[in-house]
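**Student:** The structure follows.
Residue numbers (our numbering): 85 to 297.
Here's what the structure looks like:
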């Protein structure tokens, strides 16, 4: 049953040539645009193809149905978040824990909220396309790179780095989820981001040698 579900959500093939990549990018961009305009129930492969400027046949070369389209759009969003965090973690190697906290929170929140309406729409359909699996896979990758960054910090952690990374991830995810669920990204984003920075800096200080309870 699970394998059959996954087969309906997976892309038919991966684009290789530049033209194919451009077509898939246009299709995924159009998927978000149609989702925002008419909602999940009214989204169809025909509407997405028309918006993307490709034939339905071209769309079906890559995606078997609208669930696969939505899953791919969600995966693309999560990949963008991961790449932003990965770049930040590499840049912050050897920095202080407080510098890491500021950079990590800033890059994560910026990536999640770059297009708040699209993020909220994808979050809303996540449960329909096994978004939990996409989230788990992304979370594991983020955990590895955050742990690797923490290992290079100027200060010595007294708490297991993997636990610290997990706490940071959970806190950031919780704040971004609140913004998306309540639709208050425009008015509350900066204030919540700043509070999140304050919280993570304080937590990391408490996890260092000489500051542990």
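Don't be surprised by glycine CBs; every beta carbon is placed ideally from N, CA and C.
(1) Does DSSP put residue 285 in a helix, in a strand, or in coil?
(2) Quick check on DSSP: helix, strand or coil for residue 264?
(3) Please give the ranges of any alpha helix (DSSP H) in the region 218 to 277, keeping only runs that are unbroken, at least 4 residues long and fully inside the region.
(4) Enumerate in chain order the residues of its own chain whose CB-to-CB distance from residue 120 is below 8 Å, with the five nearest sequence positions on each side excluded.
(5) Based on the DSSP secondary-structure assignment, which residues constitute the bridge partners of residue 292?
(6) By alpha-carbon positions, which one of 167, 116 and 190 ends up nearest to residue 225?
(7) Hey, would you say residue 181 sits closer than 8 Å to residue 292, going by beta carbons?
(8) Determine the extent of the alpha helix (DSSP H) in which residue 213 is found, giving its start and end residues.
(9) Return yes when the Cβ of residue 165 is within less than 8 Å of the Cβ of residue 195, no when it is not.
(10) Contact check, residue 143 vs residue 111 under 8 Å by CB: the rounded distance?
(11) Taking the alpha helix (DSSP H) that residue 155 falls in, what are its first and last residues?
(12) With three or more C-beta pairs closer than 8 Å as the rule, is the region 172 to 192 touching the region 275 to 288?
(13) Could you tell me whether the Cβ atoms of residue 222 and residue 162 are closer together than 8 Å?
(14) Could you give the residue range of the alpha helix (DSSP H) that holds residue 200?
(15) Could you tell me whether the Cβ atoms of residue 260 and residue 184 are closer together than 8 Å?
(16) Excluding the 5 residues preceding and the 5 following residue 243 in the sequence, name in chain order all residues of the same chain whose CB lies nearer than 6 Å to its CB.
(17) Roughly how many angstroms lie between the CA atoms of residue 236 and residue 247, to the nearest whole one?
(18) Secondary structure at residue 125, three-state DSSP: helix, strand or coil?
**Tutor:** Considering the structure as presented:
(1) Counting from 1 along the chain shown, the entry for residue 285 is found at position 201. In this structure, residue 285 counts as helix in the three-state DSSP scheme.
(2) In the chain shown, counting from the first residue as 1, residue 264 sits at position 180. Here residue 264 sits in helix by DSSP.
(3) 245 to 266
(4) For the purposes of this step, residue 120 is identified with residue 36 of the chain shown, where counting begins at 1. Exclusion of the five residues before and after residue 120 leaves 201, 202 and 205 as the residues of its chain whose Cβ lies within less than 8 Å of its Cβ.
(5) Mapped onto the chain shown, residue 292 falls at position 208. Partner(s): 241.
(6) In the chain shown, residue 225 corresponds to position 141, counting from 1. For residue 225, the nearest C-alpha among the options comes from 167.
(7) In the chain shown, counting from the first residue as 1, residue 181 sits at position 97. In the chain shown, counting from the first residue as 1, residue 292 sits at position 208. Taking 8 Å as the Cβ cut-off, residue 181 and residue 292 qualify as a contacting pair.
(8) If you number the chain shown from 1, residue 213 lands on position 129. Run containing residue 213: none; DSSP gives neither H nor E here.
(9) Looking up residue 195 in the chain shown gives position 111. Looking up residue 165 in the chain shown gives position 81. The answer is yes: Cβ separation under 8 Å.
(10) On the chain shown, residue 143 is found 59 positions in, with the first residue counted as 1. On the chain shown, residue 111 is found 27 positions in, with the first residue counted as 1. Their Cβ separation, rounded to whole angstroms, is 6 Å, which keeps residue 143 and residue 111 in contact under 8 Å.
(11) Counted from its first residue, the chain shown places residue 155 at position 71. Looking at the DSSP string, the run of the alpha helix (DSSP H) that includes residue 155 is 150 to 175.
(12) yes
(13) Stepping through the chain shown from its first residue, residue 222 is reached at position 138. Stepping through the chain shown from its first residue, residue 162 is reached at position 78. Yes; because the gap between Cβ atoms is below 8 Å, this pair is in contact.
(14) Numbered from its first residue, the chain shown carries residue 200 at position 116. Element bounds for residue 200: 200 to 209.
(15) As a working note, residue 260 is residue 176 in the chain shown. As a working note, residue 184 is residue 100 in the chain shown. Contact: no.
(16) Taking the chain shown and counting its residues from 1, the one referred to as residue 243 is at position 159. Same-chain partners within the cutoff: 291.
(17) Translated into the one-based positions of the chain shown, residue 236 becomes position 152. Translated into the one-based positions of the chain shown, residue 247 becomes position 163. Between residue 236 and residue 247, the C-alpha separation is close to 16 Å.
(18) Reading the chain shown from its first residue, position 41 is the one you call residue 125. Note: residue 125 maps to coil in three-state DSSP.
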